[in-house]
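Going by the numbering used here, the sequence shown opens with residue 316, and the numbers climb by one from there. Beta carbons are placed, not taken as given, at the ideal position from N, Cα and C, and that holds for glycine. Please read all numbers here as calculations on a predicted model, not as lab measurements. Everything below concerns the one structure shown next.
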Amino acid sequence: MHTDPNIYNRGHRQRLQQKFKASGIDALHEYEVLELLLSYVIRQQDVKPLAKELLKAFGSVKGILDTELADLQTVSGIGERSAILLKFVKEIAALYLKQKAKEKKQVPALSYYEYIIT
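Laid out in structure tokens, this is it:
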């Protein structure tokens with residue numbers, strides 16, 4: 316049995332990336348989603364405890380993304396860069412959804428008269 320935590324953690328980020336690549340976000344636990352995201356801004360540190368602490372503090376990924384920058388930074392280990400990344404992800408998602416909605420064909424609204432006849 317390995318007692319060195321570095322041996323257990325070795326390759327953990329790559330395993331998370333592979334899991335996501337193979338099966339998408341639905342294959343990840345909520346804390347793993349945050350872990351994978353935080354791994355891009357926090358280097359050389361196990362971010363699983365931090366991801367779990369964020370969930371404990373704010374309840375969900377939605378709760379975290381809806382939280383103000385300053386409030387995110389009250390969690391030990393979340394600095395300005397990490398807080399900005401979390402808020403940026405939300406804004407990118409909102410932009411994507413807005414652009415996606417513009418691509419959908421709009422059903423023309425019928426006038427009241429056209430509605431009654433049809």
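- A direct Cα-Cα distance of roughly 7 Å separates Leu331 from Glu347.
- The Cβ atoms of Val404 and Glu368 lie no closer than 8 Å to each other.
- Counting along the chain, the unbroken alpha helix (DSSP H) around Lys402 starts and ends at Glu395 to Glu418.
- Annotation: Tyr355 is outside any alpha helix (DSSP H) and is labelled neither H nor E by DSSP.
- Where His344 is concerned, there is no enclosing alpha helix (DSSP H), because DSSP gives it neither an H nor an E.
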